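Undergrad:
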Ligand code: V47
């Protein structure tokens, strides 16, 4: 292989684990086609030609947040004119409005609210389950779970058990950002630490809950800090096996305190997907989140390590507040066409990757 990646190619072919140094070298190497080739070998070995999507509904119940991270345009202080919080009745209405659609997953994320009581979160899950008993609720990032445990005055595990009894099915990957204490101090000092995030994920896995993981790249983090983040995830996954999917999240600077930074490039987006696919050898899935990188690049990503594009979504707020110019939703037909034209086999899945339908 040209570009000095021959030894990494050997490791990938033999299914050997990449070192931290290999990860850094991949990030620093400009030969995106060779990196994509390596990632595609892993992708096809793990997932063949399948490309997964889901019929889901996103619901951001409140943007009021006490963390106010510098990279986030979604979170607002309680007294902001743009602050909102949905009552349980409003959440019901949002769910009722789409009862005729074959939604299999509801994705719930909000800010760290200063005064909503613990009972609100339990009632939200119960209300959704009452209206749609069959739906899988993927809700509350590890950061929110830690906050809810604080509200409940219970351990994370006890809190998770109560949330599960109320309808929680799995945990989304948000809030991970970059685990490095340096990045957290500079961008999100009030947020749960990287170690804290991993502890919540492990507690969830210990109870049989599956969860996702993300990394927010393209702001002020170094390549070494990205690989360190991936390494922390890989070693947690060695212990628990509870992570389902890794989602690299492309930083969108508009309306944030880091708005002088540029948006990520297509090459940077593909590289983050490809390096993750090569490095995270124990993660079953890598998602190219079309909302953040656009459906066109998500198609290309399906040959650079990704085997999932997320889903129909609808009403995405977090990235759109930060200047995303993608649509707010995609139809099943559009998702199937996008995957097919990328030369992959579209598979509609549920949250836990059970096949719902092949196309
Ligand atoms: O935790 C915040 C990120 C995350 C910005 O688990 C930003 O399947 C880009 O985690 N530019 C929430 N990103 C979204 C998320 C997610 C999305 C889709 C699927 C899944 C999954 C998880 O969004 C936050 C933060 O890391 N974020 N601000 C921004 N300006």
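Residue numbers (the working numbering): 406 to 764.
C-beta: ideal position from N, C-alpha, C; glycine also.
A quick note: this is a predicted structure, and the numbers were derived from the prediction, not measured.
Residue 508: beta carbon under 6 Å from a heavy atom of the ligand V47?
TA: On the chain shown, position 103 is the one that residue 508 refers to. If you check the C-beta of residue 508 against the ligand V47, you find no heavy atom less than 6 Å away.
Undergrad: Does the distance from the CB of residue 749 to the CB of residue 454 come in under 7 Å?
TA: On the chain shown, position 344 is the one that residue 749 refers to. On the chain shown, position 49 is the one that residue 454 refers to. Their beta carbons are under 7 Å apart, which means residue 749 touches residue 454 by this criterion.
Undergrad: Taking the alpha-carbon positions, what's the residue 599 to residue 591 distance?
TA: Position 194 of the chain shown holds residue 599. Position 186 of the chain shown holds residue 591. If I take the Cα positions, the gap works out to 14 Å.
Undergrad: Ends of the alpha helix (DSSP H) at residue 746?
TA: Stepping through the chain shown from its first residue, residue 746 is reached at position 341. Where residue 746 is concerned, the enclosing alpha helix (DSSP H) stretches over 737–746.
Undergrad: Drop a sphere of 10 angstroms on the beta-carbon of residue 596, count the other beta-carbons inside from all chains shown, and report buried for 16 or more, exposed for fewer.
TA: The sequence position of residue 596 within the chain shown is 191, counting from 1. Burial call: buried.
Undergrad: Is residue 694 near the ligand V47, in the sense that its beta carbon is under 6 Å from a heavy atom of that ligand?
TA: If you number the chain shown from 1, residue 694 lands on position 289. Under cutoff, so the answer is yes.
Undergrad: Beta carbon of residue 578: closer than 6 Å to some heavy atom of the ligand V47?
TA: Position 173 of the chain shown holds residue 578. Yes - the ligand V47 has a heavy atom lying nearer than 6 Å to the Cβ of residue 578.
Undergrad: Specify the secondary structure class of residue 592 as computed by DSSP and reduced to three states.
TA: Your numbering for residue 592 matches position 187 in the chain shown. Helix, per DSSP.
Undergrad: Touch check for the segment 643–660 and the segment 561–570: three-plus C-beta pairs under 8 Å?
TA: no
Undergrad: Spatial neighbours of residue 525 within its chain, please: CB distance less than 8 Å, with the 5 preceding and 5 following residues excluded, ordered by chain position.
TA: On the chain shown, position 120 is the one that residue 525 refers to. These residues qualify, in order along the chain: 493.
Undergrad: For residue 540, which of helix, strand or coil comes out of DSSP?
TA: Residue 540 sits at position 135 when you count from the first residue of the chain shown. Of the three classes helix, strand and coil, the one that applies to residue 540 here is coil, per DSSP.
Undergrad: At 4 residues or longer, and completely inside the segment 517–578: list those alpha helix (DSSP H) runs for me, N to C.
TA: 523–536, 547–557 and 561–571
Undergrad: Suppose you measure from the CA of residue 620 to the CA of residue 584; what does that come to, to the nearest Å?
TA: Taking the chain shown and counting its residues from 1, the one referred to as residue 620 is at position 215. Taking the chain shown and counting its residues from 1, the one referred to as residue 584 is at position 179. Taking the straight line from one Cα to the other gives about 8 Å.
Undergrad: Quick one: complete beta strand (DSSP E) runs, 3+ long, within the segment 436–523?
TA: Those beta strand (DSSP E) runs which fall completely within the segment 436–523 and span 3+ residues are 455–459, 461–464 and 510–513.
Undergrad: Going by C-alpha distance, which of 518, 667 and 685 is nearest residue 550?
TA: Numbered from its first residue, the chain shown carries residue 550 at position 145. Here the closest residue by C-alpha is 518.
Undergrad: Is residue 722 helix, strand or coil by DSSP?
TA: Locating residue 722 in the chain shown gives position 317, counting from the first residue. Residue 722 falls in the coil class under three-state DSSP.
Undergrad: When the Cα atoms are used, what is the spatial distance from residue 479 to residue 685?
TA: Here residue 479 corresponds to residue number 74 of the chain shown, with the count starting at 1. Here residue 685 corresponds to residue number 280 of the chain shown, with the count starting at 1. Answer to the nearest angstrom: the Cα atoms are 29 Å apart.
Undergrad: Could you give the distance in angstroms between the alpha-carbon of residue 662 and the alpha-carbon of residue 477?
TA: Translated into the one-based positions of the chain shown, residue 662 becomes position 257. Translated into the one-based positions of the chain shown, residue 477 becomes position 72. About 8 Å.
Undergrad: Helix, strand or coil for residue 635? Go by DSSP, reduced to three states.
TA: Locating residue 635 in the chain shown gives position 230, where the first residue counts as 1. If DSSP states are grouped into helix, strand and coil, residue 635 belongs with the helices.
Undergrad: Spell out the partners DSSP gives residue 690 in its beta bridges.
TA: Taking the chain shown and counting its residues from 1, one reaches residue 690 at position 285. Per DSSP, 650.
Undergrad: For residue 716, report the span of its beta strand (DSSP E) as first-last.
TA: Here residue 716 refers to the residue found at position 311 when the chain shown is read from its first residue. In the DSSP annotation of this structure, the continuous segment of the beta strand (DSSP E) that includes residue 716 starts and ends at 713–716.
Undergrad: Using only the heavy atoms of the ligand SAM, determine whether one of them is closer than 6 Å to the beta carbon of residue 582.
TA: You won't find the ligand SAM in this model; what it holds is the ligand V47.
Undergrad: Using the beta-carbon count (16 or more within 10 Å), is residue 487 buried or exposed?
TA: By 1-based counting over the chain shown, the position of residue 487 is 82. By the 10 Å Cβ count, residue 487 comes out exposed.
Undergrad: Quick one: Cα of residue 450 to Cα of residue 678, how far?
TA: Counted from its first residue, the chain shown places residue 450 at position 45. Counted from its first residue, the chain shown places residue 678 at position 273. Answer to the nearest angstrom: the Cα atoms are 16 Å apart.
Undergrad: Apply the 10 Å Cβ neighbour rule to residue 763 and answer buried if 16 or more other Cβ atoms are within range, or exposed otherwise.
TA: The residue given as residue 763 occupies position 358 in the chain shown. Per the 10 Å Cβ criterion, exposed.
Undergrad: With a 10 Å radius around its C-beta and 16 neighbouring C-beta atoms as the bar for buried, classify residue 707 as buried or exposed.
TA: Along the chain shown, read from residue 1 onward, the residue named residue 707 stands at position 302. Taking every protein chain shown into account, the CB of residue 707 has 16 or more other CB atoms within 10 angstroms, so this residue is buried.
Undergrad: At which residues does the beta strand (DSSP E) containing residue 617 begin and terminate?
TA: Your numbering for residue 617 matches position 212 in the chain shown. Unbroken beta strand (DSSP E) run through residue 617: 615–622.
Undergrad: Rounded to whole angstroms, how far is the Cβ of residue 379 from the Cβ of residue 691, which I believe are closer than 8 Å?
TA: Outside the modelled stretch of the chain, which goes from 406 to 764, sits residue 379, for which no answer is possible.
Undergrad: Could you tell me the alpha carbon to alpha carbon distance between residue 457 and residue 713, rounded to whole angstroms?
TA: Residue numbering aside, residue 457 sits at position 52 when the chain shown is read from its first letter. Residue numbering aside, residue 713 sits at position 308 when the chain shown is read from its first letter. So the alpha carbons of these two residues sit roughly 4 Å apart.
Undergrad: Using alpha carbons as the reference points, say which of 461, 623 and 475 lies closest to residue 660.
TA: Reading the chain shown from its first residue, position 255 is the one you call residue 660. Considering only alpha carbons, the answer is 475.
Undergrad: Does the Cβ of residue 472 lie closer than 6 Å to at least one heavy atom of the ligand V47?
TA: Residue numbering aside, residue 472 sits at position 67 when the chain shown is read from its first letter. Not one heavy atom of the ligand V47 sits closer than 6 Å to the Cβ of residue 472.
Undergrad: Shortest alpha-carbon distance to residue 510 belongs to which of 461, 571 and 761?
TA: Looking up residue 510 in the chain shown gives position 105. If we check each option's Cα against that of residue 510, 461 comes out closest.
Undergrad: Tell whether a beta-carbon distance below 7 Å holds between residue 489 and residue 472.
TA: On the chain shown, position 84 is the one that residue 489 refers to. On the chain shown, position 67 is the one that residue 472 refers to. Going by C-beta atoms, residue 489 is not nearer than 7 Å to residue 472.
Undergrad: Give the DSSP bridge partners of residue 754, in chain order.
TA: Taking the first residue of the chain shown as position 1, residue 754 is located at position 349. In the DSSP output, where bridge partners are listed per residue, residue 754 has 760.
Undergrad: Among 593, 617 and 623, which one has its Cα closest to the Cα of residue 603?
TA: Residue mapping note: residue 603 aligns to position 198 of the chain shown, counting from 1. The shortest Cα separation from residue 603 among 593, 617 and 623 belongs to 617.
Undergrad: Less than 7 Å between the C-beta atoms of residue 440 and residue 431, yes or no?
TA: In the chain shown, residue 440 corresponds to position 35, counting from 1. In the chain shown, residue 431 corresponds to position 26, counting from 1. Yes, the Cβ-Cβ distance between residue 440 and residue 431 is below 7 Å.
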